[in-house]
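Engineer:
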Amino acid sequence: METVTFFETLWLARIPILKGIGVTVSISVLAILVGTILGIGVGLALTYGNKPLRWLVRGYTDFIRGTPVLVLVLASYYVLGTVGIDLGPFQAGVLALAVFCSSHVGEIVRGALQSIPKGQTEAAKAIGLTFPQTFAYVLGPQALRQVLPAWVNTAAEMVKASTLLSIIGVAELLLRTQELISRTFMSLEFYFFAGFLYFVVNYGIERFGRYVERKTSIPS
Numbered sequence: 001m002e003t004v005t006f007f008e009t010l011w012l013a014r015i016p017i018l019k020g021i022g023v024t025v026s027i028s029v030l031a032i033l034v035g036t037i038l039g040i041g042v043g044l045a046l047t048y049g050n051k052p053l054r055w056l057v058r059g060y061t062d063f064i065r066g067t068p069v070l071v072l073v074l075a076s077y078y079v080l081g082t083v084g085i086d087l088g089p090f091q092a093g094v095l096a097l098a099v100f101c102s103s104h105v106g107e108i109v110r111g112a113l114q115s116i117p118k119g120q121t122e123a124a125k126a127i128g129l130t131f132p133q134t135f136a137y138v139l140g141p142q143a144l145r146q147v148l149p150a151w152v153n154t155a156a157e158m159v160k161a162s163t164l165l166s167i168i169g170v171a172e173l174l175l176r177t178q179e180l181i182s183r184t185f186m187s188l189e190f191y192f193f194a195g196f197l198y199f200v201v202n203y204g205i206e207r208f209g210r211y212v213e214r215k216t217s218i219p220s
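Mapping to the UniProt record's numbering: the sequence shown position 98 is 98, numbers consecutive.
1) If you reduce the DSSP assignment to three classes, tell me which class Phe63 lands in.
2) Straight-line CA distance for Leu87 to Thr121?
3) Tell whether a beta-carbon distance below 8 Å holds between Met158 and Ala75.
4) Work out the CA separation of Leu188 and Met1 for me, nearest whole Å.
5) Would you call the region 97-104 and the region 121-134 in contact, with 3 or more CB pairs under 8 Å?
6) Can you look up Arg214 in the DSSP assignment and give me helix, strand or coil?
7) For Ala112, which of helix, strand or coil comes out of DSSP?
8) Assign Ser182 to one of two classes, buried (16 or more other C-beta atoms within 10 Å of its C-beta) or exposed (fewer than that).
9) Going straight from the alpha carbon of Val71 to that of Phe63, what length do you get?
10) Is it true that the CB of Gly39 sits closer than 8 Å to the CB of Val109?
11) Please report the distance separating the alpha-carbon of Val73 from that of Leu165.
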């Protein structure tokens, strides 16, 4: 009887849940995309930048990696507002997660690029390739194969970190779930269901990573 009641309640609450999962996916996708783009820049700077640039980017990376995501979320929403940068909860959440993601992706990219023999870069220079061409045709494809597994883990972490945005009022899946629990008192059922939805999203990311990994693998 309780199971029937839960599914009836779940059906009635389908719109808030769908909106919540939509916000979670939107924030996660934006944070992963922006964080990946920034992270590639960070990785290139750490690997090929001059010494002052490497020091600056290294300080940024170490500081962000050592800062809890929750602190970044609160800083993006409250601290930036005190200096005249007024971001809404959604924008502040995307910014915080993207910055955190960029520091991790930067380290992943740096490690992948540094593992490529220097002789390949020198050979690309010898045939007249510019650095952007060298990265696009020589370094990037090789680094991508090494980056993918760790990138998938980072992307999954961003989805899980999105749950912290409820503290600044972002109506993502966890906040919607908590609102439903406060009205129905079905805490165990709805938390399990929310956990299942997060699993589905992360499983989708994992399958996407596997797909890209197969497409970029070298045929044996």
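We put the CB at the ideal spot given by N, CA and C, even for glycine.
Structural biologist: Inspection of the coordinates gives the following:
1) Reading the sequence shown from its first residue, position 63 is the one you call residue 63. In this structure, DSSP gives Phe63 a helical state, which the three-state scheme calls helix.
2) Here residue 87 refers to the residue found at position 87 of the sequence shown. Here residue 121 refers to the residue found at position 121 of the sequence shown. Cα to Cα, Leu87 sits roughly 42 Å from Thr121.
3) Numbered from its first residue, the sequence shown carries residue 158 at position 158. Numbered from its first residue, the sequence shown carries residue 75 at position 75. In this structure, the beta-carbon distance from Met158 to Ala75 does not fall below 8 Å.
4) What you label residue 1 is simply residue 1 of the sequence shown in a count that begins at 1. What you label residue 188 is simply residue 188 of the sequence shown in a count that begins at 1. Because Met1 sits at a pLDDT of 46, beneath the cut-off of 50, its placement in the model cannot be relied upon, and the point is left open.
5) No, the region 97-104 does not touch the region 121-134.
6) Here residue 214 refers to the residue found at position 214 of the sequence shown. In this structure, DSSP gives Arg214 a helical state, which the three-state scheme calls helix.
7) The residue labelled residue 112 in the question sits at position 112 within the sequence shown. Helix, per DSSP.
8) Position 182 of the sequence shown, counted from the start, is the residue given in the question as residue 182. Ser182 comes out exposed.
9) Locating residue 71 in the sequence shown gives position 71, counting from the first residue. Locating residue 63 in the sequence shown gives position 63, counting from the first residue. Roughly 12 Å between the two C-alpha positions.
10) Within the sequence shown, the letter at position 109 stands for residue 109. Within the sequence shown, the letter at position 39 stands for residue 39. Contact annotation: Val109 and Gly39 have beta-carbon atoms nearer than 8 Å.
11) Reading the sequence shown from its first residue, position 73 is the one you call residue 73. Reading the sequence shown from its first residue, position 165 is the one you call residue 165. So the two alpha carbons sit approximately 7 Å from each other.
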